[in-house]
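Under my numbering, the residue at position 20 of the sequence shown is numbered 39, and the numbers go up by one with no gaps. Note that beta-carbon positions come from the ideal geometry of N, C-alpha and C, so glycine has one too. Report on the following structure.
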Amino acid sequence: MTAPQTEKFDVVRILLAILLPPVGVFLEVGLGLQFWINILLTILGYIPGIIHAIWVIVTR
């Protein structure tokens with residue numbers, strides 16, 4: 020019964036990753052290295068930040 024709740028939360032994280040990539044990564048990993056990498060990628064270009072955020076969410 021926990022699987023549908025997890026899937027719903029993944030959808031929320033992916034939507035946040037599209038709108039605000041660092042927020043999606045923060046919800047997944049916290050203030051770790053991946054978060055700071057995503058901040059840098061988002062500053063350098065919004066699309067690389069989105070790609071990285073979705074990659075982090077899907078692979079964890």
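Separation of residue j from residue i, as counted between CA atoms
i, j, result
"I73", "A36", "6 Å"
"L50", "G68", "16 Å"
"I33", "F45", "12 Å"
"M20", "E47", "Low confidence applies to M20: its pLDDT is 47, below 50, so where it sits in the model is not reliable, and the reading given next is rough at best. C-alpha separation (whole angstroms): 21 Å."
"V30", "G64", "23 Å"
Collapsed DSSP secondary structure at residue i in the structure displayed
i, result
"L38", "helix"
"T78", "helix"
"L50", "coil"
"G43", "helix"
Identity of the residue in the options nearest residue i by Cα
i, options, result
"I66", "L38, V77 and V31", "L38"
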